[in-house]
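Enquirer: Mind having a look at this structure? Questions to follow.
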């Protein structure tokens with residue numbers, strides 16, 4: 001089965017609204033990364049997390065290693081937030097990351 | 110600072126050809142990864158180097174895929190011979206023990 005499950009798989013948001021993406025892990029993860037892949041295919045780093053939370057502008061992410069999940073909250077969604085969001089689980093000492101299948105987000109005006 | 114640089118950005122190959130993709134990691138990074146991305150399979154790890162040593166060669170991809178890291182600032186991924194099912198985006202990434210950074214990828218089309 002999927003070691004990193006992302007939900008939802010796709011999402012359409014009205015501009016200005018809020019939403020949350022989720023990642024559940026069935027592997028032991030000590031670090032999490034969130035990426036946004038834009039329509040041209042470039043993977044941009046959003047967050048690198050050890051257990052805890054981080055905030056950057058309209059984005060906020062949390063990682064709970066005991067409950068094996070991570071969330072990415074988007075506040076006041078903008079058109080440029082559209083793309084595919086990936087989470088990836090890592091383990092300190094073994095730096096390979098296992099990726100989820102992604103959440104395709106479309107922000108509409 | 111330069112990020113991860115991949116060349117070429119696009120490659121078209123005929124079935125049976127040998128192609129070599131190139132990657133320059135972020136200067137000073139000691140981990141280097143090659144991933145393949147397709148719509149069906151998503152992101153799949155092909156190879157993983159730590160301090161130029163091959164740590165993982167991606168199991169199912171051993172057959173026709175060979176990644177090498179001749180020095181700490183350059184890696185290649187050779188596919189030999191190419192098959193149409195190899196059509197995908199090939200992504201190189203690097204890290205220094207923590208956060209991973211990706212290149213823009215090479216889009217390979219095998220006809």
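Protein chains in written order, with the numbering used here: chain A, 1 to 109; chain B, 110 to 220.
Virtual Cβ for every residue (Gly too), placed ideally from N, Cα, C.
How is the beta strand (DSSP E) around residue 173/B delimited, first residue to last?
Expert: That residue, residue 173/B, is in no beta strand (DSSP E); it is neither H nor E in DSSP.
Enquirer: Would you verify that the beta carbon of residue 78/A is, or is not, closer than 8 Å to some beta carbon of chain B?
Expert: No - not a single Cβ of chain B is within 8 Å of the one on residue 78/A.
Enquirer: Taking the alpha carbon of residue 149/B as the point to measure from, which residue in 209/B, 202/B, 197/B has its own alpha carbon closest?
Expert: The shortest C-alpha separation from residue 149/B is found at 197/B.
Enquirer: Quick check on DSSP: helix, strand or coil for residue 100/A?
Expert: Note: residue 100/A maps to coil in three-state DSSP.
Enquirer: Taking only the alpha-carbon atoms, compute the straight-line gap between residue 112/B and residue 220/B and give it to the nearest angstrom.
Expert: Computed Cα separation, rounded: 31 Å.
Enquirer: With residue 195/B as the anchor, note down where its beta strand (DSSP E) starts and where it stops.
Expert: Looking at the DSSP string, residue 195/B is not in any beta strand (DSSP E), and its letter there is neither H nor E.
Enquirer: Closest to residue 80/A by C-alpha separation, out of 21/A, 26/A, 109/A, 88/A, would be which residue?
Expert: The option with the nearest alpha carbon to residue 80/A is 109/A.
Enquirer: With 8 Å set as the bound, which would you pick, yes or no: does the beta-carbon of residue 208/B sit closer than that to a beta-carbon of chain A?
Expert: It does: the Cβ of residue 208/B has a partner Cβ on chain A nearer than 8 Å.
Enquirer: What is the DSSP secondary structure of residue 67/A, reduced to helix, strand or coil?
Expert: Here residue 67/A sits in coil by DSSP.
Enquirer: Does any C-beta atom of chain A lie closer than 8 Å to the C-beta of residue 199/B?
Expert: No - not a single Cβ of chain A is within 8 Å of the one on residue 199/B.
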